[in-house]
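Notes to accompany the following structure.
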Amino acid sequence: GQHQQVTKTKTKPPPALATVGIGGSHIIALAKEASSSLSTLSLGLSNHILAVDVTMGRRMKICLSAALLVWGPYYYLFSISTIQLQLIMETNDNNFMKASSYCTREEIKQGRWTEVTLPEAHYIPPEGYRKGVHAGSVCQDFSPTAFNTYEWMPHNSSSNHFGSLLNRFGFGRCIFDPWNPNDFCALGWKSIAIVGDSLSWEHYSSLVMSLGLHSDPNDQFVSRRLKKNIITMACNSTLKLIYRRSDQLEYVPHVIREEQPQMLILNKGSHPVNDEIYKAGWQETINTLEEYEQNLTESGLPSLFLFRTTVPGHPQCEIYTAPVNNITQMEAVIANKSSYKANMLKFRWWEFKAQNAIMENLLTASRLRNYHILDAYDINIRRPDHHRPPDCLHNCFPSKTEVYHQLMLHFLKVSANSSLHS
């Protein structure tokens, strides 16, 4: 399952360090000056040392002088270059983004959950999430001084400052940027629809709150009962966020007809059907999207489709207090029917992996040109913690759902810059 997007561009090789940006000649001149100065200093130091004691440690002192000669200029050059490159990156960030190597879909899937402490939570759920049937959705306290959580880190990426700097120039590791509301809004999308069941509502509601807006937990039931779209205006009212409750995606044509979204994020959710029905339903949805994509293309309008794989619940979730970064172990737990309570067997969580593959195969065979797959399964199957026991399917706020926004933003940047490396 490689990343699927028919429209591809050849990746330009990363720019050489000596030719990147302005000020390269200045850096080299400084380096030569530093080299000359350090050479003089090193020779003087060496002569003084040898004069004091000719018989003791002659070879070691010569080595010290040689080390100063060899490594001194490089250290100076590297320090100055790093400052210069950072300045250039900050003043001309768009050019560097075009030269970046974003993590591929496969690179993103190969990672781990890492514990972090943030100055504050991404958002604090409103009071409505603390009452009644929603009370279990808030699973932690929100300290005014720190927020302990976990972030997804692909093995081949780096989030530290130095690593990010090297990433921008295509050296070594790939880029998987953290979620940033300003970056998201700056991409300029006008309408995004998230369609699916209660798990897609978690995605939508968390996205709304991550943008600093209010989300009413009862809206998903309003959408289901009244068969209507839920609308939130975001990004200074320049972006329309749409949610439609549609467990089997049967209302996708309605959303398209009523809202004409530029982007659709789809998932069939956790309502089990047999493989034949599952496949037929997806095929019907894909046929609708193929026609819609063609209409938007002919009208000169952008389009993008994101398909989120389905994450199963975790039997006995109440015993977990942290991620389990072993996908084989977690798949074995989910496949072990003896670990389920009797009333949970009907959900057939052990079938979700195979049905995700059915969806992906249909997309591969489709005529869709602009789409990405958000691998929620591979990432969040490792998060048996932060459910809402005894509900071992739905999740806390904020917690592991926020990685979906990060994945979405990542592929939006990939699409905008056409720089995904293979």
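By the count of the numbering used here, the sequence shown reaches residue 456 at its end, each step adding exactly one. A virtual CB, placed ideally from N, CA and C, is assigned to each residue, including glycine.
What's the C-alpha gap between residue i and residue j?
{"i": "residue 258", "j": "residue 370", "result": "33 Å"}
{"i": "residue 50", "j": "residue 207", "result": "Low local confidence applies: a pLDDT of 35 at residue 50 is under 50, so the model's placement there is unreliable, and no value is given."}
{"i": "residue 235", "j": "residue 294", "result": "20 Å"}
{"i": "residue 169", "j": "residue 163", "result": "6 Å"}
{"i": "residue 415", "j": "residue 365", "result": "8 Å"}
{"i": "residue 76", "j": "residue 209", "result": "Annotation note: pLDDT 45 at residue 76 (below 50); position unreliable, coordinate value reported separately. Their backbone Cα atoms lie some 40 Å apart in a straight line."}
{"i": "residue 325", "j": "residue 262", "result": "23 Å"}
{"i": "residue 427", "j": "residue 381", "result": "10 Å"}
{"i": "residue 412", "j": "residue 361", "result": "7 Å"}
{"i": "residue 395", "j": "residue 217", "result": "32 Å"}
{"i": "residue 423", "j": "residue 351", "result": "7 Å"}
{"i": "residue 451", "j": "residue 342", "result": "22 Å"}
{"i": "residue 270", "j": "residue 276", "result": "16 Å"}
{"i": "residue 140", "j": "residue 390", "result": "15 Å"}
{"i": "residue 249", "j": "residue 161", "result": "10 Å"}
{"i": "residue 331", "j": "residue 152", "result": "42 Å"}
{"i": "residue 373", "j": "residue 358", "result": "17 Å"}
{"i": "residue 307", "j": "residue 379", "result": "13 Å"}
{"i": "residue 309", "j": "residue 347", "result": "19 Å"}
{"i": "residue 329", "j": "residue 291", "result": "12 Å"}
{"i": "residue 314", "j": "residue 221", "result": "34 Å"}
{"i": "residue 283", "j": "residue 425", "result": "23 Å"}
{"i": "residue 286", "j": "residue 260", "result": "15 Å"}
{"i": "residue 213", "j": "residue 356", "result": "22 Å"}
{"i": "residue 442", "j": "residue 211", "result": "11 Å"}
Is the beta carbon of residue j closer than 8 Å to that of residue i?
{"i": "residue 177", "j": "residue 159", "result": "no"}
{"i": "residue 297", "j": "residue 407", "result": "no"}
{"i": "residue 409", "j": "residue 143", "result": "yes"}
{"i": "residue 215", "j": "residue 240", "result": "no"}
{"i": "residue 405", "j": "residue 446", "result": "no"}
{"i": "residue 223", "j": "residue 184", "result": "no"}
{"i": "residue 219", "j": "residue 430", "result": "no"}
{"i": "residue 228", "j": "residue 299", "result": "yes"}
{"i": "residue 136", "j": "residue 448", "result": "yes"}
{"i": "residue 253", "j": "residue 264", "result": "yes"}
{"i": "residue 230", "j": "residue 189", "result": "no"}
{"i": "residue 323", "j": "residue 402", "result": "yes"}
{"i": "residue 432", "j": "residue 157", "result": "yes"}
{"i": "residue 272", "j": "residue 303", "result": "no"}
{"i": "residue 181", "j": "residue 149", "result": "no"}
{"i": "residue 400", "j": "residue 311", "result": "no"}
{"i": "residue 266", "j": "residue 242", "result": "yes"}
What is the DSSP secondary structure of residue i, reduced to helix, strand or coil?
{"i": "residue 432", "result": "coil"}
{"i": "residue 268", "result": "strand"}
{"i": "residue 150", "result": "strand"}
{"i": "residue 183", "result": "strand"}
{"i": "residue 176", "result": "coil"}
{"i": "residue 191", "result": "strand"}
{"i": "residue 219", "result": "helix"}
{"i": "residue 457", "result": "Shown here, the chain extends from 35 to 456; a query on residue 457 therefore has no answer."}
{"i": "residue 145", "result": "strand"}
{"i": "residue 283", "result": "coil"}
{"i": "residue 335", "result": "coil"}
{"i": "residue 31", "result": "Shown here, the chain extends from 35 to 456; a query on residue 31 therefore has no answer."}
Just mark residue i as buried or exposed, buried being the case when its beta carbon has 16 or more other beta carbons within 10 Å.
{"i": "residue 440", "result": "buried"}
{"i": "residue 268", "result": "buried"}
{"i": "residue 278", "result": "buried"}
{"i": "residue 363", "result": "exposed"}
{"i": "residue 246", "result": "exposed"}
{"i": "residue 444", "result": "buried"}
{"i": "residue 375", "result": "exposed"}
{"i": "residue 305", "result": "exposed"}
{"i": "residue 327", "result": "buried"}
{"i": "residue 233", "result": "buried"}
{"i": "residue 301", "result": "buried"}
{"i": "residue 398", "result": "exposed"}
{"i": "residue 333", "result": "exposed"}
{"i": "residue 367", "result": "buried"}
{"i": "residue 191", "result": "buried"}
Mind checking whether the beta-carbon of residue i lies closer than 7 Å to any heavy atom of the ligand PLP?
{"i": "residue 282", "result": "Only the bare structure without any ligand can be found here, which leaves the ligand PLP out of the picture."}
DSSP has residue i in a bridge; who is on the other side?
{"i": "residue 229", "result": "278 and 300"}
{"i": "residue 425", "result": "422"}
{"i": "residue 209", "result": "136"}
{"i": "residue 340", "result": "299 and 406"}
With 8 Å as the threshold, decide whether the Cβ of residue i is near any Cβ in chain D.
{"i": "residue 395", "result": "Reference to chain D is not applicable here, since this structure consists of a single protein chain."}
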